[in-house]
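Report on the structure given below.
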Amino acid sequence: MIDFSQPTPVILSEVRQISPTRRELVLNMGPQHPSTHGVLRVRLTLEGETVIACDPVIGYLHRGVEKLGESHRYAQFVPWTDRTDYVAAPSNNLGYVLAVEKLCGIQAPERAQYWRMIMAELTRIASHLVWLGTHALDIGALSVSLYTFRDRELILDIFEKFCGARLTTNMMEIGGFSREIPPDLPEMVREFCRYFPKAIRQYEDLLTENPIWLARTKGVGVIEPEVAINYGLTGACLRGSGVNYDVRKAMPYLLYDRIDFEVPLGTHGDVYDRYLVRIEEMRQSIRIIEQCLDQVPTDGPLMAYESQYVIPPHKNVMTTAEDMQRHFIWVIKGFSPPKGEVYHAVEHSKGELGYYIVSDGSPIPYRLRIRSPDFVNLQSLPYMAQGAMLADIVALIGTIDIVLGSVDR
Amino acid sequence: MEWQRLIVSYIVGFVLLNVLLGLMAYMTWFERRVLARMQHRVGPNRTGPFGLLQPIADGIKLLAKEDIVPANADRLVFLVAPLLSFALAPLGAAVIPFGDTLHLFGIDIPLLVADINVAVLYVLALGSVGVYGIILGGYASGNRYSLLGALRSTAQVISYELVLGLSLVGVLILSGSLSLQDILREQQRSLVLGPLTLPNWYILSQPLAFALFLIAAVAETNRAPFDLPEAETELVAGYFTEYSGFRFSFYFLAEYINMIVVSLLAATLFLGGIDGPIADGVWWLAIKALFFLFFYVWLRATLPRFRYDQLMGLAWKVLLPLALLNIALTGLVRLWGIGAL
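First to last, the sequence lines map onto chains A and B. Mapping to the numbering used here: the first sequence position 237 is 237, numbers consecutive. Mapping to the numbering used here: the second sequence position 117 is 117, numbers consecutive.
Laid out in structure tokens, this is it:
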């Protein structure tokens with residue numbers, strides 16, 4: 001293990017040492033490496049190709065996002081959440097705005113809640129597509145990554161249609177959406193739902209029963225259910241081991257209690273089961289989106305009732321004096337939620353994403369803490385890497401599904 | 001007339017080498033285009049019509065790059081190793097017959113560089129020597145990824161060399177010769193099976209050997225799904241991680257030339273080489289080799305990569321026993337055929 005009381009150069013000098021008597025080789029994998037999904041650094045001790053020890057070293061993408069949250073007004077922090085897990089920006093927005101809304105005691109209108117669910121599920125699919133593509137690429141299946149990125153484009157097109165941005169969307173706002181839903185957006189989403197199951201079959205044709213894929217993923221990186229719980233794993237890493245915990249079912253937020261969907265579970269807790277769980281999650285997301293589209297009201301407000309916490313609608317700002325003043329105060333001074341603390345979790349594509357906010361009654365959070373799922377999930381890498389081969393390490397990093405922006409924050 | 005034969009041989013060899021280098025350049029274009037088509041991409045299409053000038057542009061780019069030698073590299077070995085790999089790669093093509101003897105200006109020009117009576121052994125030996133370039137390059141780089149890549153490559157090539165050699169024994173038993181000319185001549189006969197008249201290609205009498213040869217050849221040339229020595233997601237670039245510029249491209253070129261040579265060899269040994277339904281000639285060999293090259297690209301687009309222990313397990317637990325079984329069966333059939341049983 002790394003001794004954090006020592007300065008970093010000590011670790012570097014350790015890397016250069018080889019103890020010839022023990023026939024071990026220390027391999028420094030990353031932070032610049034094709035398959036560490038960004039800037040993860042893994043210090044591997046190898047004997048031949050067998051991994052003896054594996055220490056993940058993180059922090060190469062640390063930007064102090066939590067501290068930034070404690071120096072920005074509540075609404076100003078929303079764009080920063082985009083940049084934590086940058087492949088699933090709307091889900092991050094959602095977790096944060098729901099936490100702030102809980103703190104202020106406001107709720108978005110029903111229509112906005114449905115659209116939030118649609119966008120969150122589309123994000124889940126987009127994020128899983130990035131995971132599937134890179135995971136398959138790590139294991140050597142070249143083509144899958146191009147197919148998944150092709151289909152992710154369709155989701156990004158939907159995001160672009162809705163809010164103008166594709167990656168860091170800054171889509172959700174405290175209180176709902178301030179933009180109107182474009183009239184042809186529902187049809188765009190429906191068309192995607194019709195198309196996408198075929199695409200999933202295509203990925204599965206390439207992987208699910210491929211003997212090499214099975215050989216590389218079955219029985220690799222097994223986590224027993226109790227170990228998974230002890231590590232605090234969430235998301236597919238936990239459900240792959242057969243533990244039924246999904247925030248959408250356990251602590252329903254938005255309108256997930258009105259939607260009929262299943263939580264896929266694995267049995268063996270290996271890389272293959274987590275793969276199957278995520279593939280099935282994409283299918284369930286399509287189910288959720290279709291139900292949301294059926295149930296969502298076609299018109300109605302998208303922003304919460306006009307309170308001091310919510311930015312007034314643009315039209316009113318231009319026509320009424322009261323709203324112009326409120327808008328001025330909201331923009332210049334920000335809003336002050338009541339004193340208190342709040343934790344709100346959402347089921348992010350990678351697991352439970354929680355925002356913990358302590359408010360001292362000022363327009364700036366006293367403390368803002370992000371429980372990012374991949375930071376917690378990554379801690380299980382050394383456990384999974386016991387007795388693994390060098391080639392398994394890339395499969396394991398892939399199966400945890402990390403985004404370093406979210407791990408390091 | 002010994003000197004005349006020598007000169008003719010040199011000329012044929014020179015032409016062959018240049019054709020091979022040109023083919024190799026266009027093999028990179030072919031692979032990129034086919035792979036792109038399989039992956040919903042376009043591939044190189046900007047340099048010249050259909051991107052046909054892309055290999056030339058790549059060559060110029062690589063020549064213009066800086067040739068970096070790492071500070072803790074074994075300098076001499078580091079510089080020589082890629083040349084070794086590259087120089088040995090085209091030699092295998094020397095024994096492949098490209099057609100019957102040509103009569104020009106009253107001189108007999110055999111369309112192969114050297115008709116040696118141990119041609120098959122010669123090709124296998126070249127494959128074994130070619131791995132030195134990889135091992136030395138990986139060792140001399142002073143990089144742990146390179147070292148691991150070189151170690152993997154050594155183990156892999158030794159294991160699959162064995163399968164490759166043993167898979168050919170069946171063919172050798174049937175043809176009774178190690179010379180590719182003789183093997184080709186045997187295959188040009190017709191095989192009459194009742195109403196059917198088939199060519200005596202060894203893929204029909206040795207299907208198992210053909211399958212084993214194909215798998216071992218893919219592993220031997222370090223191509224997907226056996227591309228462990230250069231597995232970019234694990235070992236960055238494997239044994240050529242530290243190489244840059246034209247030294248890097250030497251390894252790259254060697255790999256592609258090896259692919260072409262192995263494809264030509266497979267076409268000659270199992271698919272009757274220049275033999276075809278109409279108008280025997282080098283074009284049949286080209287079509288067959290192209291099929292194998294396409295197969296290489298197809299594999300790369302489709303399959304994930306094996307793990308190191310699985311790769312070794314496949315070679316020693318599955319392919320080697322199958323190769324031995326094939327030899328035993330072929331031997332029995334042969335003995336029965338000549339009435340010895």
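Glycine residues also receive a C-beta, built at the ideal position from the N, C-alpha and C atoms. Being a predicted model, the structure only gives us computed values, none of them experimental.
- Secondary structure of B:Ala71 (DSSP, three-state): coil.
- In this structure, the beta-carbon distance from B:Phe295 to B:Tyr202 does not fall below 7 Å.
- Taking the C-beta atoms as reference points, A:Pro90 is found no nearer than 7 Å to A:Met188.
- Contact between the segment 102-114 of chain A and the segment 295-309 of chain A is present, with at least three C-beta pairs closer than 8 Å.
- Put simply, the segment 56-74 of chain B does not touch the segment 172-179 of chain A. Fewer than three CB pairs are less than 8 Å apart.
- For A:Tyr114, the closest alpha carbon among the candidates A:Gln32, A:Gly300, A:Tyr195 and A:Asp392 is that of A:Gly300.
- Shown here, B:Tyr243 sits in coil according to DSSP, grouped into three states, outside any helix or strand.
- Chain B places no beta carbon closer than 7 Å to that of A:Arg278, leaving this residue out of the contacts.
- For A:Tyr147, the neighbours in chain B by C-beta distance under 9 Å run, in chain order, Gln39 and His40.
- For B:Ala301, the closest Cβ of chain A is nearer than 7 Å.
- For chain A, the residues of the segment 236-261 of chain B that bring a beta carbon within less than 7 Å of one of its beta carbons are Val236, in chain order.
- Runs of the alpha helix (DSSP H) spanning 4 or more residues and lying entirely within the segment 1-88 of chain B occur at 2-38, 54-64 and 75-88, in chain order.
- Judged by beta-carbon spacing, A:Ser241 lies beyond the 7 Å limit of A:Gly221, meaning their Cβ atoms are not closer than that value.
- When 7 Å is used as the limit between beta carbons, A:Ile212 is near these residues of chain B: Pro225, Leu303, Pro304 and Phe306, in chain order.
- Within 7 Å of the CB of B:Asp74, no CB atom of chain A is found; the nearest one sits about 17 Å away.
- A:Asn28 has A:Arg43 as its beta-bridge partners, per DSSP.
- In terms of Cβ geometry, A:Trp213 and B:Pro304 form a close pair [threshold 7 Å].
- At least 7 Å separates the CB of A:Met303 from every CB of chain B.
- Boundaries of the alpha helix (DSSP H) harbouring B:Leu184: Leu180 to Gln187, taken from the DSSP string.
- Taking 8 Å as the Cβ-Cβ cut-off, the segment 123-139 of chain A approaches chain B at Ala136, Leu137, Asp138 and Ile139, given in chain order.
- Sixteen is the threshold: since fewer than 16 other Cβ atoms of the shown chains lie within 10 Å of the Cβ of B:Asn18, the residue is exposed.
- At least 7 Å separates the CB of B:Gln156 from every CB of chain A.
- Proximity to B:Ile11 across B:Ala114, B:Val236, B:Gln310 and B:Met38 peaks at B:Ala114, based on C-alpha coordinates.
- Any Cβ of chain A closer than 7 Å to the Cβ of B:Arg144 would place that residue at the interface, and such an atom is present.
- A residue is called buried once 16 or more other Cβ atoms fall within 10 Å of its Cβ, and A:Gly105, having fewer, is exposed.
- When C-alpha distances from B:Val169 are compared across B:Leu212, B:Met27 and B:Arg152, the shortest belongs to B:Leu212.
- By the neighbour-count definition (other C-beta atoms within 10 Å, threshold 16), B:Asn117 is an exposed residue.
- With a cutoff of 7 Å on beta-carbon distance, B:Gln4 and A:Ser143 are scored as not near each other.
- By the neighbour-count criterion, in which 16 or more other beta carbons inside 10 Å mark a residue as buried, A:Met318 falls on the exposed side.
- Across the set B:Ser249, B:Thr302 and B:Gln181, the C-alpha of B:Gln181 shows the shortest separation from the C-alpha of B:Gly272.
- With a 10 Å radius around the Cβ and a threshold of 16 neighbouring Cβ atoms, B:Trp29 comes out buried.
- Within chain B, no residue has its CB atom less than 8 Å from the CB of A:His268, the nearest being about 18 Å off.
- DSSP lists A:Thr45 as the bridge partner or partners of A:Ala53.
- The CB of A:Pro363 never comes closer than 9 Å to any CB in chain B; the least such distance is about 47 Å.
- Burial state of A:Asp82 is buried, judged by a 10 Å Cβ sphere holding 16 or more other Cβ atoms.
- One Cα belongs to B:Gly137, the other to B:Ala254, and the distance between them is close to 13 Å.
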